[in-house]
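Heads up: the sequence shown begins at 1 in the working numbering, then just goes up one per residue.
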Amino acid sequence: MSVACIGTGIGGASAIATGEAYLVCRGPVCVTPSWIDTHEIEAEVERFEGALRTAAEQLRSVRQQIPDDTPSDIAEFIDTHLLMIEDKAISSQPIHLIRNEGLSAEWALQQHRDSLMRVFEQMDDPYLRTRCDDLDHVVNRVVNILLEQHEPQFGSLEGHIVLAEDLTPADVILMKNQGVAGFVTDYGGPMSHTSILARSLGLPAVVGARGATSCLQHGEPLILDAEFGIVLADCDDEMLAQFEALRDAAISRTVELRRRRAEPAATHDGQRVTIRANIELAEDVAKARANGADGIGLYRTEFLYMNRPQPPTEDEHFAAYLAVVEGMQGQPVTIRTLDLGADKRPGAGLHSAASANPALGLRAIRLCLKEPELFYPQVRAILRASAFGPVRLMLPMLTNVWEVDQARRIIELVMQQLDAEGVAFDRGLPIGGMIEVPAAALAARAFATRLDFLSIGTNDLIQYTLAIDRVDDELTYLYDPAHPAVLRLIHEVLQASTATGTAVGMCGEMAGDVRFLPLLVGMGLRDFSMQPDAILDIREQLRSLDARELVRRVDQAFAAAQAEDTDVLLAQLIEPR
Ligand code: PEP
Ligand code: MG
């Protein structure tokens with residue numbers, strides 16, 4: 001047995017797949033320069049337009065195969081490719097090249113693709129890089145048709161692990177329908193549409209595993225461990241059986257833990273802890289409920305804005321929020337106002353050009369206060385939804401207390417409007433804010449006195465404290481939630497909560513990582529929000545902890561005379577991986 005390749009795992013804890021490798025050859029298609037005679041021009045234009053029509057038909061047929069219970073944004077991935085195929089920006093230049101320079105259809109399309117790619121590649125923006133992948137997928141599909149190559153046949157994929165240089169979202173849907181066990185790609189990051197889709201469909205995957213398609217053989221048995229992002233090859237029957245047993249044990253454990261989901265979340269010494277779910281789509285409510293979440297601690301509403309040319313209307317916002325509020329059947333739903341910007345870019349035409357340094361740019365609450373027309377419909381919809389169940393409104397990426405004051409003024413204005421219109425809403429709706437910028441953590445008391453609750457967003461707090469771009473996979477080794485500076489900032493926020501009586505929770509990934517649970521419980525955190533798949537493990541782990549003892553040890557650590565002693569004592573509370 002050997003580790004054959006390493007990439008980024010897409011899938012939760014114990015997301016293991018075993019199966020024979022199925023090598024799908026669909027790397028960049030090879031087009032050789034070719035020209036046509038003058039009398040062939042119109043036929044060549046017709047051949048090109050025919051290939052575009054066939055590609056569109058293929059995509060429409062894929063779209064029809066999407067199961068009804070699949071999250072709605074998945075169909076939108078396909079729609080994006082369809083829109084690209086139907087867009088004149090893709091077709092008019094190749095037609096010009098065929099007519100005026102006598103290029104063959106495939107060579108004209110390839111030339112156009114290359115010039116568009118050069119433009120995309122100069123834009124150092126993760127969202128546009130994803131668009132770049134989309135362009136590649138679309139062009140490859142059309143070129144494949146022109147070259148009379150065919151789509152990979154996914155007829156016998158049941159139980160296989162697919163290997164590919166790259167995969168489109170459409171491929172992932174087809175593969176899922178064929179019962180594929182998982183997939184590995186040479187390229188692609190955890191933020192690509194393909195990865196988002198795999199996560200959402202619960203398909204274990206390892207992406208960005210450079211060289212996977214050249215070093216692994218079609219038909220060889222593989223083990224894919226999406227928790228650690230590794231692919232194992234040369235596996236004997238015994239090793240395969242061991243991993244299959246691990247996978248089966250994880251499935252049985254989930255079933256068993258779900259059976260106990262109604263039991264309250266508490267430590268061994270009886271301290272109650274709230275465990276909420278983070279969701280991106282209204283459809284995620286089902287998993288949150290199945291795992292016994294105490295409400296929604298973070299609803300990332302910016303996903304409503306993606307893969308569409310215009311922002312959602314107030315009614316579209318309202319419909320999504322109502323579905324979540326009704327789905328949670330009386331449990332509180334924390335709706336975060338939009339956090340667009342940085343790596344979360346909306347569809348085209350929504351707001352001003354990306355800044356040179358988007359993570360430090362016009363993002364989240366900054367964007368909403370600068371462009372209130374984006375904010376108003378969302379605030380109105382959140383307030384309207386609050387008439388149907390307990391809703392909390394949460395402001396992202398606060399840095400200055402006056403941002404809270406401004407946002408509150410807007411919310412008050414909207415309340416007055418709704419009152420005047422006779423529209424029902426909860427006047428006592430709690431308004432909270434996220435602490436994800438070091439400045440806000442250090443000034444947490446000032447925020448705590450202006451807000452009804454705080455939530456620590458460790459994903460960004462770590463990025464900004466340690467000066468590392470959270471989406472750059474080359475910096476993953478520096479992304480350390482246990483860095484002493486991060487722990488001191490979290491401590492500061494918890495202290496502010498104790499001093500002011502304002503509730504505080506945590507909704508960054510750190511909250512759902514069992515390694516940090518003893519430390520966070522010891523620091524006094526009692527409100528956690530995490531991806532639904534993490535809830536069962538965290539609740540189980542909680543039952544083994546002695547909160548009083550952990551609090552005593554943390555207090556002792558912070559009372560240490562030397563800062564280094566504090567760091568050492570805190571580090572002792574972190575569970576090894
Ligand atoms: C965070 O920053 O920790 C957070 C929860 O928000 P997001 O991951 O959406 O930026
Ligand atoms: Mg954040």
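Glycine included, C-beta positions come from ideal geometry on N, C-alpha and C.
Three-state class that DSSP yields for residue i in the structure shown
i	result
Ser156	coil
Asn140	helix
Arg22	It is worth fixing the name first, because residue 22 is Tyr in this sequence and not Arg. Residue state, collapsed to three classes: strand.
Ile574	coil
Thr274	strand
Ser497	helix
Thr194	helix
Arg300	strand
Asp527	strand
Met123	coil
Ala108	helix
Gly428	coil
Ile279	strand
Ala209	coil
Gly292	coil
Gly508	coil
Ala559	helix
Val231	strand
Met610	Since the first residue shown for the chain is 1 and the last is 577, residue 610 is missing from the structure and cannot be characterised.
Leu147	coil
Ile161	strand
Asn41	First, the residue type needs correcting, since residue 41 is Ile and not Asn in the sequence shown. Reduced to three states, the DSSP call for Ile41 is helix.
Glu564	helix
Pro94	helix
Ile66	coil
Gln310	coil
Gln416	helix
CA-to-CA distance, residue j to residue i, given in whole angstroms
i	j	result
Gly7	Gly389	42 Å
Ala385	Asp114	47 Å
Ala559	Leu429	38 Å
Ala485	Ile535	27 Å
Gln93	Met175	33 Å
Leu97	Leu103	6 Å
Gly208	Pro358	23 Å
Gly524	Val493	11 Å
Ala381	Leu489	34 Å
Val437	Ser34	55 Å
Glu40	Ile95	13 Å
Leu393	Gln217	51 Å
Ser529	Val255	21 Å
Asp166	Asp186	6 Å
Ile365	Glu371	10 Å
Val31	Glu106	7 Å
Gly179	Gly219	17 Å
Val206	Gln242	20 Å
Val333	Glu101	60 Å
Ala563	Arg336	36 Å
Leu294	Arg141	Contrary to the premise, residue 294 reads as Asp rather than Leu in this sequence. Taking the straight line from one Cα to the other gives about 45 Å.
Gly159	Phe183	11 Å
Leu367	Gly292	35 Å
Asp284	Arg553	37 Å
Leu203	Glu412	44 Å
His247	Arg577	Per the sequence shown, the amino acid found at residue 247 is Arg instead of His. The straight-line gap from Cα to Cα measures roughly 19 Å.
His150	Gln111	Since pLDDT at His150 reaches only 46, below the 50 mark, its modelled position is unreliable, and the value read off the structure follows with that caveat. Their backbone Cα atoms lie some 22 Å apart in a straight line.
Ala320	Ala282	6 Å
Val273	Ala288	16 Å
Beta-bridge partners of residue i, as assigned by DSSP
i	result
Ala17	Leu224
Val391	Val333
Arg552	Answer by DSSP bridge pairing: none, since Arg552 is not bridged.
Trp35	Leu103
Leu569	Paired residues: none, contrary to the question.
Met434	Ser455
Thr8	Val207
Thr185	Ala164
Ala503	Phe453
Asp266	Just to set this straight, residue 266 is Ala in the shown sequence, not Asp. DSSP, once it has assigned bridges, lists Arg272 as partnering Ala266.
Would the stretch 502-514 and the stretch 524-543 be scored as touching if the rule is three or more Cβ pairs under 8 Å? Taking one beta carbon from each stretch, the stretch 502-514 and the stretch 524-543 have 3 or more pairs nearer than 8 Å; the two touch.
Going along the chain, which residues put their C-beta within less than 6 Å of some heavy atom in ligand 1? For ligand 1, the selected residues are Leu298, Arg300, Asp339, Glu436, Gly457, Thr458, Asn459, Asp460, Cys507 and Gly508.
Within 8 Å, do at least three Cβ pairs link the stretch 51-70 to the stretch 129-148? Three or more Cβ pairs drawn from the stretch 129-148 and the stretch 51-70 lie within less than 8 Å of each other, which places the two stretches in contact.
The stretch 294-302 contacting the stretch 275-285, beta-carbon criterion three pairs below 8 Å: By the C-beta criterion, the stretch 294-302 is judged to be in contact with the stretch 275-285, since at least 3 inter-stretch pairs fall below 8 Å.
Touch check for the stretch 496-507 and the stretch 449-464: three-plus C-beta pairs under 8 Å? Counting C-beta pairs with one atom in each stretch, the stretch 496-507 and the stretch 449-464 have three or more that are closer than 8 Å, which means they touch.
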